[in-house]
Amino acid sequence: MTPAQLSRTVLLSLRGVVGDAGLRGVELPERAVVESPPRRGGGDYGTGVVLQLARHLRPGSAPGGAAATPPGPLDLARRLGARLESLPGVARTDIAGAGFVNVTLNASGRAALVRELARPAHPSSVADAPARDAARWAAATADGPRASVGALLVRTADSPLFRVQYAHSRARAVLRGADALGVRPEAGADGHAYAAPAERALLALLADHDRLAAAALPAPALRTSPALRTAPATAPRAATAAASAPRADAVSRLARHLVAVADAFLDLRDTCPPLPQGDQKPGAAHRARTALAEAAGSVLAGGLAQLGVTAPAHL
C-alpha cells in the first residue's frame with residue numbers, strides 16, 4: 068500500500084466515520100496527507116486528516132441540535148483507526164498527539180508495497196558522464212557551481228552524487244548476483260514482513276519517492292494556469308518559463324531524498340544482506356530482500372534520470 072493508495076483509503080474511511088457519528092453539514096478534506104516515514108510516533112505511515120476535519124466542526128454538526136457538542140479529534144481518530152484496521156494490509160493503528168493516526172502495515176501490505184515499487188526501472192546507463200553529471204547534480208541541489216562540481220567529481224563517500232550512483236550500481240549488482248545464484252526476487256517471500264529496522268527505514272523512504280518526484284516535475288503551465296491561459300500574446304516569455312519550470316526547492320528535496328535512499332540501501336546491504344553469505348543457503352529472506360533491492364534500484368534510477376544524471380549499472 069503506497070501513500071497515495073492509503074490517502075484515498077483514508078478519505079473513504081473518514082466519510083464512513085462522519086456518517087457513523089451522525090455529523091451533518093461537514094465538509095470533508097479534499098485530500099488526506101499521508102507522511103512516510105511518519106513524523107510522529109511509530110508505524111509505517113501517519114496522517115493528521117482528523118485534525119483537518121475537526122477544524123470544520125461547529126455546534127450543530129452533531130446529532131442533538133445546536134447545543135450538542137461534536138466529537139473531538141481523539142474520538143474521531145479512534146473511529147478512523149478502527150475502520151482502517153479492518154482493511155487488508157493494515158496490521159494496526161495507533162493514535163498519537165492530539166489526533167494523528169499512525170498506520171502499521173502487515174506483511175502482506177509491505178510486500179504489496181515492494182511489488183509496486185519494483186516496477187520496470189529506467190534503463191541503467193552503459194557509462195556515466197562524470198563532468199556532466201556533477202554539473203547537473205550541483206544545479207539540482209543549488210550549490211555553488213564551481214566549488215561543488217569539483218568536490219562531486221571526487222569519487223568518495225563525501226560526494227552525495229557518488230553515493231547515489233554507487234548505491235544504484237550495488238542494487239544492480241545484487242540482482243546480477245541473485246541471478247547467478249538462482250535467487251528469484253519475491254516480495255514478501257514466505258510471509259517475510261520486512262520488520263528489521265534497516266528494511267523498514269529503506270521501505271519508508273522508497274514509499275515517499277513518488278510524492279517527491281511528482282513535486283519536482285515541471286508544471287504544464289499553459290494547461291493548468293488560468294492566468295497564463297488568459298494572458299495576452301505579449302506576456303513575457305520569462306513568466307511562462309518560470310511557471311512551467313519545477314520549483315528549485317522541490318528539485319533539491321528530490322536530490323536529498325535520493326541521498327537518503329542510497330544511504331539506507333547501503334545500510335541494508337551491510338546489516339541485512341540480500342544475498343547468502345559464505346556457506347549460507349538461499350532462503351525466503353534473501354528472495355524478499357532481493358526484491359527490496361530491486362525496488363531501491365528502480366527508485367534510484369528513476370530519480371537520477373529525472374535530474375538528468377546517469378545511473379550506471381557498474382561503478
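Under the numbering used here, the first residue of the sequence shown carries the number 68, and numbering increases by one thereafter. Quick reminder that beta carbons are idealized off the backbone N, C-alpha and C, glycines included.
Below 8 Å, how does it come out for the stretch 248 to 257 and the stretch 358 to 378: are there three or more Cβ pairs, yes or no? Look at the beta carbons and you see the stretch 248 to 257 touching the stretch 358 to 378: at least three pairs across the two are nearer than 8 Å.
Cβ shell of D334 (< 8 Å), same chain only, five flanking positions each side left out: Within the sequence shown, the letter at position 267 stands for residue 334. The beta carbon of D334 lies closer than 8 Å to those of A265, A268, L269 in the same chain, with the five residues before and after it left out.
Whole-Å CB distance - F167 paired with G83, under 8 Å assumed: The residue you call residue 167 lines up with position 100 of the sequence shown. The residue you call residue 83 lines up with position 16 of the sequence shown. Under the criterion of beta carbons closer than 8 Å, F167 and G83 do not qualify as touching, at roughly 19 Å.
Which of the three DSSP states is assigned to R320 in this structure? Numbered from its first residue, the sequence shown carries residue 320 at position 253. In the three-state reduction of the DSSP assignment, R320 falls in the helix class.
7 Å CB neighbourhood of R354 in its chain, flanking five on each side removed: Along the sequence shown, one-based indexing puts residue 354 at 287. For R354, same chain residues with a beta-carbon under 7 Å away, outside a window of 5 residues either side, are V250, R251, P252, E253, A256 in chain order.
Can you tell me whether T160 is helix, strand or coil according to DSSP? Working through the sequence shown from its first residue, we reach residue 160 at position 93. Residue state, collapsed to three classes: strand.
In this structure, does DSSP put P379 in helix, strand or coil? Within the sequence shown, numbered from 1, the residue matching residue 379 stands at position 312. Under the three-state reduction of DSSP, P379 is assigned to strand.
Could you compute how far the alpha carbon of W204 sits from the alpha carbon of L172? Numbered from its first residue, the sequence shown carries residue 204 at position 137. Numbered from its first residue, the sequence shown carries residue 172 at position 105. In a straight line, the C-alpha of W204 is about 35 Å away from that of L172.
Does the beta-carbon of R237 have 16 or more other beta-carbons within 10 angstroms, so that it is buried, or is it exposed? Sequence index remark: in the sequence shown, residue 237 carries index 170 (1-based). By the Cβ-count criterion, R237 is buried, with 16 or more other Cβ atoms from all chains shown falling within 10 Å of its own Cβ.
For V101, does the three-state DSSP call read helix, strand or coil? Reading the sequence shown from its first residue, position 34 is the one you call residue 101. Strand, per DSSP.
Could you please give me the residues that DSSP links to Y112 through a beta bridge? Looking up residue 112 in the sequence shown gives position 45. DSSP output for Y112 lists V170 as bridge partner(s).
Collapsed DSSP secondary structure at A309 in the structure displayed: Position 242 of the sequence shown, counted from the start, is the residue given in the question as residue 309. Because A309 sits at a pLDDT of 48, beneath the cut-off of 50, its placement in the model cannot be relied upon, and the point is left open.
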